[in-house]
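What follows is a short report on a single structure.
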Amino acid sequence: MTDASDATHTGDADDAPDVGELTPPDRTLMGPGPSEVHPRVLRAMSTPLVGHLDPSFVEIMNEVQELLRYTFRTDNQWTIPVSGTGSASMEAAIGNLVEPGDTMLVPTNGYFGGRMASMARRAGGEVVEVDAPWGEPLDPVDVEAAFDEHQPDVFGFVHAETSTGVLQPGVPELTSIAHDHDAYVIADCVTSLGGVEMRVDEWDVDVAYSGPQKCLSCPPGASPLTLNDRAMDKVLDREEEPRSWYLDLSLLEGYWGDERAYHHTAPITNVYAIREALRLVAEEGIEARWDRHRAVAGDLKAGFGELGLEMNAPDDYWLPSLNAVRVPDGVDDGAVIDHLLTEYDLEIASGLGALAGDVWRIGCMGYSARAQNVEFLLAALEDALAEQGHVA
Ligand SMILES: Cc1ncc(COP(=O)(O)O)c(C=O)c1O
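Take -14 as the starting number for the sequence shown in our numbering and just add one per residue.
Structure, rendered in structure tokens:
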């Protein structure tokens, strides 16, 4: 390290840091996100900026909202891309719906239920839990029991748990339990939206949020959020302002609602990007897209079986967009990840939280969910496993 006191910082170009042109490696992205971005989305991101209040941008905002409604399967007026990553749409959902003194019921069966709990506490809420082991979905019987015991105001669940590769089945049953108890439901759809069946209106989900860098194959930066009128009424009737100014939906309403007035400068390029990514969803058709994810990830799962690998999630709860695969005995999970990256420019990820070291997390999302990626990954993984002395 240079001692700052010795440095002569003239400010001349000669004295400026000598950083070369950007040349990131050309990776195949098969981790838990980001997934590969469709070339059309990258092209949309290189188009010139307009102002965030330009009439042409207002039209683009309307189109994005319409496309998001299609993708979420909702007519909710309150459907927007939140500026920021999935955690921003998550915090917008929880931080606005949970008021100080409210009780929020959260799941314990994965990493992101824990994040829900942290956000609910920061919002001034009291957190209660419904238990299920990591690697299993919530059981409606347990959810009902937790409701009877705690009478929560808000219930959050993770539709597609990226840490365990588990899909939560039976969403309508969960939402009906919550509504029988007059509670609001928040669904984390970060790893499901655009890749796995989610029907916000038909399944009676009050609030759903997502991220763009998973099954929508868009760079992170503008994250989908939808609220029905019932949830938005609670948000607009709050006695105390939400703790975040930036994510206060009653203020964001001024920008995304009828007024279209300045709140913050929207990330214009990210809005272009998500518009194009959502156009691709609409062109493919949302149901055809869900089918493609199942089919392509189904081939991937079959290939894992041929390599002698076991899935973390039982078949009934398998999450096509995120395959958590158990690391066989005697195999170094990190060495396999490194081998794939250095020898094949191929990204997969290790386990998170309680599953660290036990699983690999292999995504099959959006533009990455293609037969050629699956064949490439299986061949590369076979080689990496052989390096470790594992043969099927
Ligand atoms: C289920 C789930 N929820 C929330 C998030 C947070 O999203 P982000 O990392 O984009 O902030 C993630 C990210 O992987 C996720 O998988």
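From the three backbone atoms N, C-alpha and C, an ideal C-beta is built for every residue, glycine too.
For this session: Apply the 10 Å Cβ neighbour rule to Tyr247 and answer buried if 16 or more other Cβ atoms are within range, or exposed otherwise.
Result: exposed
For this session: Compare the Cα-Cα distances from Pro40 to each of Pro9, Gly141, Arg245 and report the closest residue.
Result: Arg245
Problem set entry | Near ligand 1: Thr149 beta-carbon under 6 Å from a heavy atom | no
For this session: Return the CA-CA distance between Thr(-13) and Ala1, expressed in angstroms with no decimal places.
Result: In this prediction, Thr(-13) has a pLDDT of 47, which is less than 50 and means its spatial position is unreliable; nothing more can be read from the coordinates.
Problem set entry | Selection from Ala280, Arg311, Met75, Val112 that minimises the alpha carbon distance to Phe97 | Met75
For this session: Starting from Gly348, follow the alpha helix (DSSP H) in both directions and report where the run begins and ends.
Result: Taken as a continuous stretch (DSSP letters only), Gly348 belongs to no alpha helix (DSSP H), being part of the beta strand (DSSP E) at 344 to 348.
For this session: Would you list the one or two residues that DSSP bridges to Leu90?
Result: Val113, Phe140
Problem set entry | Assigned exposure category for His23 - 16 Cβ within 10 Å defines buried | buried
For this session: Would you tell me roughly how many angstroms separate the C-alpha atoms of Arg54 and Ala377, rounded to the nearest one?
Result: 45 Å
Exercise. Taking 6 Å as the cut-off, is the CB of Thr93 close to at least one heavy atom of ligand 1?
Worked result: no
For this session: Apply the 10 Å Cβ neighbour rule to Trp230 and answer buried if 16 or more other Cβ atoms are within range, or exposed otherwise.
Result: exposed
Exercise. So does the stretch 134 to 147 actually touch the stretch 302 to 322, counting three or more Cβ pairs closer than 8 Å?
Worked result: yes
For this session: Could you check what DSSP says for Gly206 in three-state terms: helix, strand or coil?
Result: strand
Exercise. Cβ atoms of Val170 and Ala163: under 7 Å apart, would you say?
Worked result: yes
Problem set entry | Cβ-heavy atom distance, Val175 to ligand 1, below 6 Å | yes
Exercise. What's the call for Asn358, buried or exposed, on a 16-neighbour Cβ count within 10 Å?
Worked result: buried
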